[in-house]
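Heads up: the sequence shown begins at 254 in my numbering, then just goes up one per residue. We treat Cβ as the ideally placed atom computed from N, Cα and C, and that holds for glycine.
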Amino acid sequence: MDNQLKFIFLTLALIGMTACQGVRFNTNLTPEFAVDKYQTSQVVEYTAEEVYNHDSQMIGEVSAVYCQRINTPAPIYSSIIETLKYKVQKIGGNGIVVMECSKDNPYAACIAHLECRALAYEVNFS
């Protein structure tokens, strides 16, 4: 009986180890995505009053728009802010002041429409 149990265990172990042979995992995580995500996290969101308390200089305006269509997820505020931070980082800023966000429902071909505008700042911490 012990030999049969060992044989069954060995057979199941071999099947288990070879069952995943040839399996591929695809992901959208690329080195560029990881770097962009890290750099975006370095952009700090301020209020208008907070940014004036720091040594800062406005470097431009950025905006982001999301249009929800059929079979797409609803607009998420945090995703729009991440897009704004990405744009601020790309123009050399490290601070952002969100000026306004408007959510129209419905808008043209969109089920829901979210648009945000922000000011990009270069904030000196030294």
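Inter-residue Cα distance where the pair is residue i and residue j
i    : j    : result
E335 : P326 : 16 angstroms
L263 : S331 : 51 angstroms
K259 : A266 : 10 angstroms
V318 : V351 : 13 angstroms
G346 : C369 : 17 angstroms
D308 : K338 : 19 angstroms
C354 : E298 : 14 angstroms
D303 : M311 : Going by the sequence as given, residue 303 is Glu instead of Asp. Approximately 13 angstroms, taken between the alpha carbons.
D255 : I261 : 10 angstroms
F378 : A362 : 44 angstroms
Proximity below 7 angstroms, CB of residue i to CB of residue j
i    : j    : result
I333 : L367 : yes
G313 : I349 : no
V315 : K340 : yes
T293 : Q342 : yes
Q295 : I364 : no
Reduced DSSP secondary structure (H/G/I, E/B, other) of residue i
i    : result
N377 : strand
A365 : strand
I349 : strand
Min CB distance residue i to chain C below 7 angstroms
i    : result
F262 : Looking for chain C here will not work: only one protein chain is present.
Run of the alpha helix (DSSP H) containing residue i, from where it starts to where it stops
i    : result
Q295 : Where Q295 is concerned, there is no enclosing alpha helix (DSSP H), given that its DSSP letter is neither H nor E.
I344 : No alpha helix (DSSP H) contains I344, which DSSP labels as neither H nor E.
A301 : 301 to 305
Terminal residues of the beta strand (DSSP E) in which residue i lies
i    : result
I312 : 308 to 321
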